[in-house]
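Numbering (this note's numbering), first residue to last: 45 to 294.
A short write-up of the structure that comes next.
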Amino acid sequence: MARKALIAANWKMYKTPAEAKAFVDAFLPLVAGHARDEIALFPSPVLLPTVIPACKGSNVAVGAQNIHFAEEGAYTGETSILQLKAVGGTHTLIGHSERRQYFAETDEIVNKKLHTALKHGVVPVVCVGEVLEEREAGKTASVLKTQVTGAFVGITPVAAKPIVIAYEPVWAIGTGKTATPEIAADAHSIIRAEVAKLLGADVALGVRILYGGSVKPDNATALISLEEIDGALVGGASLKPDSFAAIVKY
Ligand code: 13P
Numbered sequence: 045m046a047r048k049a050l051i052a053a054n055w056k057m058y059k060t061p062a063e064a065k066a067f068v069d070a071f072l073p074l075v076a077g078h079a080r081d082e083i084a085l086f087p088s089p090v091l092l093p094t095v096i097p098a099c100k101g102s103n104v105a106v107g108a109q110n111i112h113f114a115e116e117g118a119y120t121g122e123t124s125i126l127q128l129k130a131v132g133g134t135h136t137l138i139g140h141s142e143r144r145q146y147f148a149e150t151d152e153i154v155n156k157k158l159h160t161a162l163k164h165g166v167v168p169v170v171c172v173g174e175v176l177e178e179r180e181a182g183k184t185a186s187v188l189k190t191q192v193t194g195a196f197v198g199i200t201p202v203a204a205k206p207i208v209i210a211y212e213p214v215w216a217i218g219t220g221k222t223a224t225p226e227i228a229a230d231a232h233s234i235i236r237a238e239v240a241k242l243l244g245a246d247v248a249l250g251v252r253i254l255y256g257g258s259v260k261p262d263n264a265t266a267l268i269s270l271e272e273i274d275g276a277l278v279g280g281a282s283l284k285p286d287s288f289a290a291i292v293k294y
């Protein structure tokens, strides 16, 4: 089954509204008519009301970097799925390693957020990945299995269809150290096998697994063209229109 690649930009905590608008104005013409892959931008919440209208009618989707699992409530500083939908966001990252590392997100929280996104028809991009010590201790497979199992508690095969997974080895994020295509493909196979175990072969064959971690224009082709790798989640190299467009057109 051919899986359409998703090439996604995680802008993290960068850009003002003016900078975000300038990015979109420069980026859209560079990818106009590009239909081979899906393209998505994940800006900070405060940028969504600028970026979403600017991308309207284009081939570029826009989502949040994080949502709360509750639909509304007394959760100071958080963004709800209803707020995201109200401004036109269609996707959300869930469980990015920076959320896990700095904001104590556990597999249980990731699971609750995944249920919320699916309930509201927002495409979830669930991030998993091992830290360096885990890789060096030979624990990569068990860490990935635990994260995938934890994220998918209570998710049925039918509900799972829209889910995208991003494999982001933490040691490769923002370090310039990219996983080799072999390391990435190996991890993706482990993740896909775990999805098959939990939700069956059909879901596993259809689920897109993106690679993230120091993806740049010059290594994108080697990674994304592999059968096991269904796109990329790009941090640093997604901040400039020409660099991100070059990755989209790997
Ligand atoms: P870098 O591409 O900057 O390594 O970031 C990867 C990432 O965390 C994307 O979510």
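Even glycine gets a Cβ: it sits at the ideal position worked out from N, Cα and C.
The model shown is predicted, which means the values in this text are computed figures rather than measured ones.
Could you tell me which of the options sits nearest to residue i, measuring between CA atoms?
i	options	result
residue 280	234, 222, 171, 77	222
residue 55	245, 246, 139, 284	284
residue 111	278, 167, 183, 243	167
residue 235	108, 220, 173, 138	173
residue 83	275, 286, 287	275
residue 99	220, 64, 150	64
residue 126	116, 197, 66	116
residue 49	260, 255, 287	255
residue 262	250, 286, 246, 135	286
residue 69	102, 136, 249	102
residue 200	135, 118, 162	162
residue 194	124, 153, 294, 85	153
Thinking residue i and residue j are a contact (beta carbons under 8 angstroms), I'd like their distance in whole angstroms, please.
i	j	result
residue 87	residue 95	5 angstroms
residue 185	residue 211	12 angstroms between Cβ atoms; not a contact.
residue 108	residue 133	5 angstroms
residue 159	residue 129	Contact flag wrong, Cβ pair sits at about 15 angstroms.
residue 192	residue 239	6 angstroms
residue 175	residue 131	Contact flag wrong, Cβ pair sits at about 34 angstroms.
residue 282	residue 76	The pair is not a contact, with the Cβ atoms about 18 angstroms apart (cut-off 8 angstroms).
residue 289	residue 71	6 angstroms
residue 232	residue 273	6 angstroms
residue 216	residue 258	5 angstroms
residue 106	residue 92	7 angstroms
residue 249	residue 196	Actually they are not in contact, since the Cβ atoms of residue 249 and residue 196 sit about 16 angstroms apart, beyond 8 angstroms.
Can you tell me which of the three DSSP states residue i falls into?
i	result
residue 175	coil
residue 190	helix
residue 159	helix
residue 196	coil
residue 67	helix
residue 150	coil
residue 134	coil
residue 204	helix
residue 289	helix
residue 48	coil
residue 76	coil
residue 59	coil
residue 98	helix
residue 181	coil
Which partner residues of residue i appear in the DSSP bridge assignment?
i	result
residue 209	170, 253
residue 85	53, 106
For ligand 2, is there any heavy atom lying closer than 7 angstroms to the beta carbon of residue i?
i	result
residue 212	In the structure shown, ligand 2 is absent; the only ligands present are ligand 1.
Query raised in the report: What runs of the alpha helix (DSSP H), each 4 residues or longer, lie entirely inside the region 216-285?
Result: 225-243, 245-250, 264-268
Requested in this report: Would you mind listing the beta strand (DSSP E) stretches within the region 101-125 that are 3+ residues and don't spill past its ends, in chain order?
Outcome: 104-108
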